[in-house]
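Some notes on the structure that comes next.
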Amino acid sequence: MLLGQSRVRVGKTPFRSDCSGFVAACYSRAQIDLIDPMAGSGSATATMFRTLKKRQLPVRRKRAQPGDLAFFHNTHDRNGNGLRDDRFTHVALVEKVERDGTVHFMHFAGGTVKRGVLNVKNRKQHLDPYSGKTWNSHLRQGRGRTLAGQLLFRFGQPLPPP
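The sequence shown lines up with residues 6 to 167 when you count with our numbering.
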């Protein structure tokens, strides 16, 4: 329901119109608060990650499931120092995972909620050279690491395992 929206709202409740606000809004529908104030300070994305760790929920590098959060580093220069040294700069919501490992995610970027993809097995390739299928969306402009698979840090599971 939020795809293509520039303002993040669930019913009458407004959320920050950014990546962490979008993810928080999605989980608010399930009455799950992803930000535990006792998990520490910093960006909302970093606090979400620390909240999962504090709640002892699974955090993993290579395997995603629908409903997981995808945490990224260095998607932008948050501190403005010109270096790619910024941790927890983006978070997205995993929508589905294909058999070849391509992860489809939704996120707030460039002023709207949109879809993207990443493939951990082929993290340095934008396109599958044989089919032309997109393996990794661009998450950062400029030279160097720009692809979602390259900037991915971890997947986190906000829901307790069944």
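Idealized CB from N, CA, C, for every residue including glycine.
Closest residue to residue i among the options (Cα-Cα distance)
i, options, result
"residue 102", "113, 93 and 125", "125"
"residue 10", "47, 142 and 113", "113"
"residue 7", "59, 120, 48 and 54", "120"
"residue 56", "85, 66 and 42", "42"
"residue 106", "87, 89 and 128", "128"
"residue 111", "16, 19, 18 and 23", "23"
"residue 27", "36, 109 and 14", "14"
"residue 32", "89, 135, 74 and 137", "74"
"residue 143", "37, 130 and 65", "130"
"residue 48", "91, 18, 16 and 67", "91"
Cα-Cα separation between residue i and residue j, rounded to whole angstroms
i, j, result
"residue 61", "residue 25", "20 Å"
"residue 83", "residue 140", "26 Å"
"residue 93", "residue 30", "18 Å"
"residue 163", "residue 69", "12 Å"
"residue 133", "residue 123", "12 Å"
"residue 87", "residue 20", "29 Å"
"residue 154", "residue 65", "14 Å"
"residue 136", "residue 165", "37 Å"
"residue 35", "residue 108", "22 Å"
"residue 85", "residue 40", "25 Å"
"residue 138", "residue 115", "23 Å"
8 Å CB neighbourhood of residue i in its chain, flanking five on each side removed
i, result
"residue 145", "79, 80, 81, 151 and 156"
"residue 71", "99, 100, 101 and 102"
"residue 44", "52, 55, 56, 58 and 59"
"residue 46", "52"
"residue 37", "163 and 164"
Same chain, Cβ closer than 7 Å to residue i, five either side skipped, listed in chain order
i, result
"residue 117", "9, 10 and 11"
"residue 76", "50, 54, 93, 96, 158, 159 and 161"
Extent of the continuous alpha helix (DSSP H) run through residue i
i, result
"residue 57", "49 to 59"
Residue i: first and last residue of the uninterrupted beta strand (DSSP E) it sits in
i, result
"residue 9", "That residue, residue 9, is in no beta strand (DSSP E); it is neither H nor E in DSSP."
"residue 26", "Per DSSP, residue 26 belongs to no beta strand (DSSP E); it is in the alpha helix (DSSP H), 24 to 33."
"residue 161", "157 to 161"
Sequence-distant residues of its chain with Cβ nearer than 6 Å to residue i (five each side left out)
i, result
"residue 63", "162"
"residue 67", "125"
Proximity test, Cβ basis, 7 Å: residue i and chain B
i, result
"residue 95", "The structure shown contains no chain B; it is built from a single protein chain."
Residue ranges of each beta strand (DSSP E) run of no fewer than 3 residues wholly in the region 59 to 145, ordered along the chain?
-> The qualifying runs are 74 to 77, 95 to 102, 107 to 114 and 117 to 124.
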